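Numbered according to the numbering used here, the sequence shown spans residues 90 to 615. Ideal Cβ placement from N, Cα and C applies to all residues, glycine included. Because the structure is a prediction, the values reported are computed rather than measured. This report concerns only the one structure given below.
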Amino acid sequence: MKQFAELLDKLYFTYSLLDKVALLEDFFRQTSDPERGYALAVLANTLSFPTFKRPMIKELMQEQVPAYLFELSYDYVGDLSDTVALLWPDGALEEPLPGLVEIIDQFNTIPDTQYKDYLRELLNKASRNERWALLKLGTGNLRIGVSARFIKRALASYGQQPLQEIEKIWHATEPPYEELFAWLEGRGLAPDITSKLFFHPVMLSHPLNDDDLTKLDPSEFAVEKKFDGIRIQAICTKDKKGLFTRTGEDISHAFPDLLTTFTGNVVLDGELVIQNAEGLCSFNELQQRLNRKKISAKLMEQYPAAMILYDILSWNGEDLRHLPFYERRKKLEDWFAVNPAANLLISPLITLKPGQSLTTLKEKVLAEQHPAVEGLMLKHHQSPYLAGRPRGHWFKWKRDPKLVDAILMYAQRGHGKRSSYYSDYTFGLWQDGALLPIGKAYSGFTDEELYRLDQWIRQHTIQRFGPVREVEKALIFEVAFDAVNYSTRHKSGVALRFPRINRIRWDKPITEADSLQNLVDMIQHN
90 MKQFAELLDK LYFTYSLLDK VALLEDFFRQ TSDPERGYAL AVLANTLSFP
140 TFKRPMIKEL MQEQVPAYLF ELSYDYVGDL SDTVALLWPD GALEEPLPGL
190 VEIIDQFNTI PDTQYKDYLR ELLNKASRNE RWALLKLGTG NLRIGVSARF
240 IKRALASYGQ QPLQEIEKIW HATEPPYEEL FAWLEGRGLA PDITSKLFFH
290 PVMLSHPLND DDLTKLDPSE FAVEKKFDGI RIQAICTKDK KGLFTRTGED
340 ISHAFPDLLT TFTGNVVLDG ELVIQNAEGL CSFNELQQRL NRKKISAKLM
390 EQYPAAMILY DILSWNGEDL RHLPFYERRK KLEDWFAVNP AANLLISPLI
440 TLKPGQSLTT LKEKVLAEQH PAVEGLMLKH HQSPYLAGRP RGHWFKWKRD
490 PKLVDAILMY AQRGHGKRSS YYSDYTFGLW QDGALLPIGK AYSGFTDEEL
540 YRLDQWIRQH TIQRFGPVRE VEKALIFEVA FDAVNYSTRH KSGVALRFPR
590 INRIRWDKPI TEADSLQNLV DMIQHN
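Here you go:
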């Protein structure tokens, strides 16, 4: 555990990506199996411990110090793991921590009733660095500047293998990755993935800007509608089938009505949507099916799942990703011709009429105000299917965001590098002379604006609730968002999709902020 804690600490304080890769390579080289494999799993966030919850950590901390001292410290530090690591008394038990492998094994196997006692024992044995690493391990909230994709790049560098090969086999391997390391070190063959259900890393698009629009030749691109659902991948083999999100999360259990549709040996890329008797529905209907532990027959009947097919990545064991888009599209149509289903649709291609510009086409598509469409997709005819977000191949051209002038109500400290600043904001709108919160945002501003906002919040605080400050109602944010829908989960009765700060209106009096009725009107005019 000591070596793993030292690795996390070094990664946190190292800013150069090349230096981070070097740190990881040294760790992989100097650490034996299975410890390095479990460390890799933690870094790549492929482990989870459902019983390891933040309230339990707070309860343990408040056994050690008065609640008010913990709250003040948490407010000042802004990160729970940092706060506990600093505040927990040193030297309660002069015994070394167990190794990383043993700790992970215990986290996975001990009864829930013993979890709290075991964590207390570990914290009592740990040094400050080890406490921090232990809590990061348990919560899965590392925030050390290392993404899952970066980890794969480090593995590719370590084993002198193409990144695409790592991407290809990653989701068919599992902790502690001993077979993977054997291959990377030349001691064994690449992991056999032929019989496994594995996720193919998705290809993503770039937002289309004015410069791109000026330079591209529309005749070189296929044009589709951009549907407003959730990007998914359907994988079907002789023995297994599954549905995965764009990040590789298995959501098969949540959509059994869609999963049963697929047969044969195929990997399909597309959009998860809701389709009823009237056609495709808005994202709001899809939300009724998300994040549910149990899916009832009634729910599936009310919100039947469907998939809009974009691409075919593999068919009958043949990897098609190297083919240009126009060839994959033809194969997708061939597959669909022999595998039709009521809850599968091929994304239709849109043909530009003579003299019609892309701008005119976009305006026409958006003027239809279809609840499931949010813009256009442009895909180069010659584009292979490449993992990540390669430039120049695919573009997304979404409708302009909706805007509302809202009043800042609360601010909370951020995490990681933002833990010293108030960077998470709750804002509200007027209703009958009172302010109702309508959403939160923590993006859309520059570092310079963040520093200024942080100072303003500190100077205009009227009340504190742990790491949250209530501020004077004196500052307006112009908030951008993609959509607004009714919501029974929020006091305001509405929910914004992807809210972010568009502008900070230092100049605008709060009397000119919008009312909640403005959002209701937007919903009614959709």
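Exercise. Would you mind reading off the limits of the beta strand (DSSP E) that contains residue 552?
Key: Boundaries of the beta strand (DSSP E) around residue 552: 550-554.
Exercise. Find the nearest neighbour of residue 553 within the set 164, 444, 281 and 308, judged by alpha-carbon distance.
Key: Of the listed residues, the one whose Cα sits closest to residue 553 is 164.
Quiz item: Within 10 angstroms of its Cβ, does residue 244 collect 16 or more other Cβ (buried), or is it exposed?
Solution: With 16 or more Cβ atoms within 10 Å of its Cβ, residue 244 is classed as buried.
Quiz item: Using DSSP with H/G/I as helix, E/B as strand and the rest coil, what is residue 296?
Solution: When DSSP states are grouped into helix, strand and coil, residue 296 belongs to the strand group.
Self-check item: residue 246 beta carbon less than 8 Å from that of residue 114
Solution: Yes, the Cβ-Cβ distance between residue 114 and residue 246 is below 8 Å.
Quiz item: Unbroken alpha helix (DSSP H) runs of length 4 or more, entirely within the segment 377-415: which are they?
Solution: Counting whole runs of 4 or more residues, the segment 377-415 contains the alpha helix (DSSP H) stretches 386-391.
Quiz item: Which same chain residues, not among the five before or five after residue 124, have their C-beta less than 7 Å away from its C-beta?
Solution: When the five nearest sequence neighbours on each side are left out, the beta carbons in the same chain lying within less than 7 Å of the beta carbon of residue 124 are those of 188, 189 and 190, in order along the chain.
Exercise. Could you name the residues that DSSP lists as bridge partners for residue 604?
Key: 519
Practice problem: Measure the CB-CB distance between residue 351 and residue 317 and report whether it falls below 8 Å. | Solution: no
Quiz item: At a cut of 8 Å, does the segment 284-299 reach the segment 413-433 through at least three beta carbon pairs?
Solution: no
Quiz item: Going by alpha carbons, who is nearest to residue 430 out of 220, 400, 523 and 394?
Solution: 394
Quiz item: Nearest-angstrom Cα distance between residue 333 and residue 563?
Solution: Cα to Cα, the separation comes out at about 44 Å.
Quiz item: If you measure from the CB of residue 98, is any heavy atom of the ligand ATP nearer than 7 Å?
Solution: Inclusion of the ligand ATP in the displayed structure is not the case, the ligand content being empty and no account of it being possible.
Practice problem: Using the DSSP secondary-structure output, state which residues sit across from residue 567 in a beta bridge. | Solution: 494 and 592
Quiz item: Anyone know if the C-beta pair for residue 497 and residue 570 falls short of 8 Å?
Solution: no
Quiz prompt | Exposure of residue 110, with buried meaning 16 or more beta-carbon neighbours within 10 Å | solution = Around the C-beta of residue 110, 16 or more other C-beta atoms lie within 10 Å, and the residue is accordingly described as buried.
Quiz item: Which residues does DSSP pair with residue 322 in a beta bridge?
Solution: 333 and 358
Self-check item: Distance, residue 357 Cα to residue 427 Cα
Solution: 14 Å
Quiz item: Can you tell which of 539, 266, 454 and 469 has the C-alpha that lies nearest to the C-alpha of residue 122?
Solution: 266
Quiz prompt | Cross-strand partners of residue 525 (DSSP beta bridge) | solution = 518
Quiz item: To which residues of the same chain is residue 363 closer than 6 Å at the C-beta, ignoring the five residues directly before and after it?
Solution: Only residues of its own chain outside the window of five on either side were considered, and among them 370, 374, 375 and 392 have a CB closer than 6 Å to the CB of residue 363, listed in chain order.
Quiz item: Using DSSP with H/G/I as helix, E/B as strand and the rest coil, what is residue 363?
Solution: strand
Quiz prompt | Completely contained alpha helix (DSSP H) runs for the segment 226-268, where each covers 4 or more residues | solution = 237-248 and 252-259
Quiz item: residue 401: buried (16+ other C-beta within 10 angstroms of its C-beta) or exposed?
Solution: buried
Exercise. Give the C-beta separation of residue 556 and residue 167 to the nearest angstrom, bearing in mind that I take them to be a contact with Cβ-Cβ under 8 Å.
Key: The pair is a contact, with the Cβ atoms about 6 Å apart (cut-off 8 Å).
Exercise. Answer with buried or exposed for residue 438, where buried requires no fewer than 16 other C-beta atoms within 10 angstroms of its C-beta.
Key: exposed
Self-check item: Where residue 342 falls: helix, strand or coil (DSSP)
Solution: helix
Exercise. Ignore the nearest five residues each way along the sequence and tell me which others in residue 354's own chain have a CB closer than 8 Å to its CB.
Key: 325, 326, 327, 403, 404, 405 and 406
Quiz item: When you compare only the Cα positions, how much space is there between residue 450 and residue 568?
Solution: 27 Å
Quiz prompt | Three-way DSSP call (helix, strand, coil) for residue 215 in this model | solution = Reduced to three states, the DSSP call for residue 215 is coil.
Self-check item: Rounded Cβ spacing between residue 612 and residue 533 (contact assumed at less than 8 Å)
Solution: Rounded, the Cβ-Cβ distance is 23 Å, inconsistent with contact.
Self-check item: First through last residue of the beta strand (DSSP E) which encompasses residue 126
Solution: Segment 124-132 is the alpha helix (DSSP H) holding residue 126; no beta strand (DSSP E) there.
Quiz item: Can you tell me where the alpha helix (DSSP H) with residue 197 in it begins and where it stops?
Solution: Residue 197 -> alpha helix (DSSP H) spans 189-198.
Quiz prompt | Closest residue to residue 408 among 257, 477, 155 and 206 (Cα-Cα distance) | solution = 257
Practice problem: Pick helix, strand or coil for residue 177, following the three-state DSSP scheme. | Solution: If DSSP states are grouped into helix, strand and coil, residue 177 belongs with coil.
Quiz item: First and last residue of the beta strand (DSSP E) that includes residue 572?
Solution: 572-575
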